[in-house]
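To keep things clear, I will list the structure first and then write my remarks on it.
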Amino acid sequence: MNHKTIHLLDLPDEILLIIMKKLDTMDVLYSLLGVNKRLNQMARSINETMSLDFSTKLSNDEFSSFDRVKFDRFLYEILPQIHYNVIGLTLDFFSMKHVLLTCEYPNLRMIVTDNYPLYGLLRDLTEESSIAHTCSNILVICTKLSYLNINQPVKSNHAKLSLWDRSSNVCYSLHLRTLIIDVKHFDDCLHLLDGRLEQLSSFTVNIHSIERFSMIDNNQKIVSNLKEFSLTCYSTTKAYRSRILPLLRRMPNLNSLTLHLNIKQSKVIDGIHLNEKILRHMLHLNTFIFNICAIVLTSEINHFLSTNDIENTFINWKYSPVICCVDHLSDRYTYSHIYSAPFKMNCFMYLTNSFHDHHLEYVIDLVLYDTNPFEHEFFEWISQGFPLLKHLTVNNLTPQKQKYQIESVNDKQIFSKISYLHLVRLKLTDAHINYADQFLRDQNAYVPCLHALTIQYEQLVTVTNNFTNDATRFNCRQLTKIKFDKLPIYPEHFYLYFFSLSK
Numbered sequence: 020m021n022h023k024t025i026h027l028l029d030l031p032d033e034i035l036l037i038i039m040k041k042l043d044t045m046d047v048l049y050s051l052l053g054v055n056k057r058l059n060q061m062a063r064s065i066n067e068t069m070s071l072d073f074s075t076k077l078s079n080d081e082f083s084s085f086d087r088v089k090f091d092r093f094l095y096e097i098l099p100q101i102h103y104n105v106i107g108l109t110l111d112f113f114s115m116k117h118v119l120l121t122c123e124y125p126n127l128r129m130i131v132t133d134n135y136p137l138y139g140l141l142r143d144l145t146e147e148s149s150i151a152h153t154c155s156n157i158l159v160i161c162t163k164l165s166y167l168n169i170n171q172p173v174k175s176n177h178a179k180l181s182l183w184d185r186s187s188n189v190c191y192s193l194h195l196r197t198l199i200i201d202v203k204h205f206d207d208c209l210h211l212l213d214g215r216l217e218q219l220s221s222f223t224v225n226i227h228s229i230e231r232f233s234m235i236d237n238n239q240k241i242v243s244n245l246k247e248f249s250l251t252c253y254s255t256t257k258a259y260r261s262r263i264l265p266l267l268r269r270m271p272n273l274n275s276l277t278l279h280l281n282i283k284q285s286k287v288i289d290g291i292h293l294n295e296k297i298l299r300h301m302l303h304l305n306t307f308i309f310n311i312c313a314i315v316l317t318s319e320i321n322h323f324l325s326t327n328d329i330e331n332t333f334i335n336w337k338y339s340p341v342i343c344c345v346d347h348l349s350d351r352y353t354y355s356h357i358y359s360a361p362f363k364m365n366c367f368m369y370l371t372n373s374f375h376d377h378h379l380e381y382v383i384d385l386v387l388y389d390t391n392p393f394e395h396e397f398f399e400w401i402s403q404g405f406p407l408l409k410h411l412t413v414n415n416l417t418p419q420k421q422k423y424q425i426e427s428v429n430d431k432q433i434f435s436k437i438s439y440l441h442l443v444r445l446k447l448t449d450a451h452i453n454y455a456d457q458f459l460r461d462q463n464a465y466v467p468c469l470h471a472l473t474i475q476y477e478q479l480v481t482v483t484n485n486f487t488n489d490a491t492r493f494n495c496r497q498l499t500k501i502k503f504d505k506l507p508i509y510p511e512h513f514y515l516y517f518f519s520l521s522k
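Position in the sequence shown (first residue = 1) + 19 = the numbering used here.
Now the structure itself:
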């Protein structure tokens, strides 16, 4: 058989265009722009409008900066040629400042940030420089921006945006219609709805904390243009009635509402409450998705309140089906969960033993809490019922009764090992030592991606037998971050046992 070598430039334009359209935009621009006039024109012709991604996701759920050599070429050679065509940018901590301040982007409509701390964003875009000196924030640089996503990873520890000590021209825009953002306080959310974003129609906000008291005037102005609103706060709040409900009543024209809240108050939240306090004020609402956990002193409610009682308040409910679960725990509190089904949110708080048959397969970040022990069988369900689980917190001070399960295979006894294939971060600060043994002992668990552990130092010393135990060595070998409840003095062989840790 005769073989004939065909050079890329020998192919007709039609074939080259088909090939280019199947490739990533960044790869096409990097490989072909500047090679010759023909390829220049073709690379530009298939990318009259461009969305460029300058971030890279790693397997351990962290981000690495775009390849430096490739990035420099984009920065100094490619972007100056194509900046008028750029309509979308995905940026990380490293690339944000350089990309935005290198060129003007008159047609930029969308910015998405990955793993970018908000304090860094505001600092980088307001420092004294030839371009940044003329603007106070990202919305001034990108004058036609209509979509801005600076949301953080799930329950990120990065600093959140705070507008308390900043002038009203920060985050001011006449064009922004969609905003996805993390903020530090509830007041910051109110600032963003004070009229500075008057065309905003879709607002997704993750609030670090919702305090009872406000540092700003009580604004009752109706947010008439807002059609979609999503509010998430993972921290428990006591300000539901005094602050969250008044805000929702300022949004009568919503078509879609999403709430993810953990509330501590004197009454549970049920279907009757939602209808009377929220939904009757939103006549245009078509979609209502929620996950609400109400934490109530058991002494303040009916001791016999059951899951069935809550379910009965959702009869004739016109939105998505609702799942309910009520737990009366020995800590004197009742935990009442209500959530829309199917559950598609990525975080769930205060999950107890009672959820054994619930389906929460989209959850990435999970917090377990109970005053009854989590047994080996429960963790087997966690492994199967949460296939995407990356971040797990165990809050349970009660010792296990069933630490492991033994199966008989060919007359041999074999420990039943549970696999957590995607688990990256594990927090055991408020957990009995049995749960450290449950996850770190090789015969109990397989955790190939575990990189970060938060634990009491004395517990880790005990479980690892002062960092010598071979039974826990395998699951500890890949840890790159360990956070303790105190600052310990490590023995000499500590880093030999955790050899992936940096000194």
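No residue lacks a Cβ here, since even glycine has one placed at the ideal position from N, Cα and C.
Contact between residue 232 and residue 276 is ruled out by a C-beta separation of about 25 Å, above the 8 Å threshold.
Assigned with DSSP and collapsed to three states, residue 397 falls in helix. The criterion of a C-beta distance shorter than 7 Å is satisfied by residue 228 and residue 254.
A contact between stretches requires three or more CB pairs, one per stretch, nearer than 8 Å, and the region 400 to 411 fails this requirement with the region 311 to 328. In the structure shown, residue 444 adopts extended strand secondary structure according to DSSP, grouped into three states. For residue 478, the closest alpha carbon among the candidates 505, 463, 500, 461 is that of 505.
Using a 10 angstroms sphere on the CB of residue 234, the tally of other CB atoms stays under 16, which defines it as exposed.
For residue 413, same chain residues with a beta-carbon under 6 Å away, outside a window of 5 residues either side, are 387, 447, 450, 454 in chain order. According to the DSSP assignment, residue 326 belongs to the alpha helix (DSSP H) that extends over 326 to 331. Scanning the region 244 to 279 from its first residue to its last, the whole beta strand (DSSP E) runs of 3-plus residues come out as 247 to 256. Straight across, the Cα-Cα distance linking residue 442 with residue 59 is about 45 Å. Here residue 303 is exposed, its C-beta having fewer than 16 other C-beta atoms within 10 Å. Under the 10 Å beta carbon count, residue 349 is surrounded by fewer than 16 other beta carbons and is classified as exposed. Apart from sequence neighbours up to five positions away, the residues of its chain that approach residue 220 with a beta-carbon distance below 8 Å are 196, 197, 244, 245, 246, 247, ordered along the chain.
Residue 452 and residue 480 do not touch by the CB rule: their CB atoms are close to 10 Å apart, not below 8 Å. Rounded to whole angstroms, the gap between the alpha carbons of residue 361 and residue 292 is 22 Å. DSSP lists 166, 221 as the bridge partner or partners of residue 197. Assignment of residue 472 by DSSP, reduced to helix, strand and coil, places it in the strand class. Residue 385 has 367, 411 as its beta-bridge partners, per DSSP.
The residue from 199, 32, 462 with its alpha-carbon nearest to that of residue 250 is 199.
DSSP places residue 301 outside both helix and strand once states are collapsed to three, so it counts as coil. In the structure shown, the three-state DSSP call for residue 354 is strand. Judged by DSSP secondary structure, residue 502 falls within the beta strand (DSSP E) whose first and last residues are 500 to 503. Residue environment analysis places residue 421 among the exposed positions, since fewer than 16 neighbouring C-beta atoms fall within 10 angstroms of its C-beta. Taking C-alpha positions only, residue 106 is separated from residue 126 by approximately 6 Å. Here residue 165 has 128, 129, 194, 195, 196, 197 as same chain residues with Cβ atoms under 8 Å from its own Cβ, once five neighbours each way along the sequence are excluded. Counting along the chain, residue 490 sits inside the alpha helix (DSSP H) bounded by residues 489 to 495.
Contact annotation: residue 471 and residue 436 have beta-carbon atoms that are not nearer than 7 Å. In terms of Cα proximity to residue 124, the closest of 100, 465, 345 is 100.
If you check the CB distance, residue 270 and residue 224 do not come in under 7 Å. In chain order, 250, 309 place their CB closer than 6 Å to the CB of residue 278, counting only its own chain and leaving out the 5 sequence neighbours on each side. Taking the Cβ atoms as the reference, residue 326 lies roughly 5 Å from residue 343, within the contact range of under 8 Å.
Excluding the 5 residues flanking it on each side, residue 399 has same chain C-beta neighbours closer than 6 Å at 437, in chain order.
Secondary structure of residue 50 (DSSP, three-state): helix.
Residue environment analysis places residue 88 among the exposed positions, since fewer than 16 neighbouring C-beta atoms fall within 10 angstroms of its C-beta.
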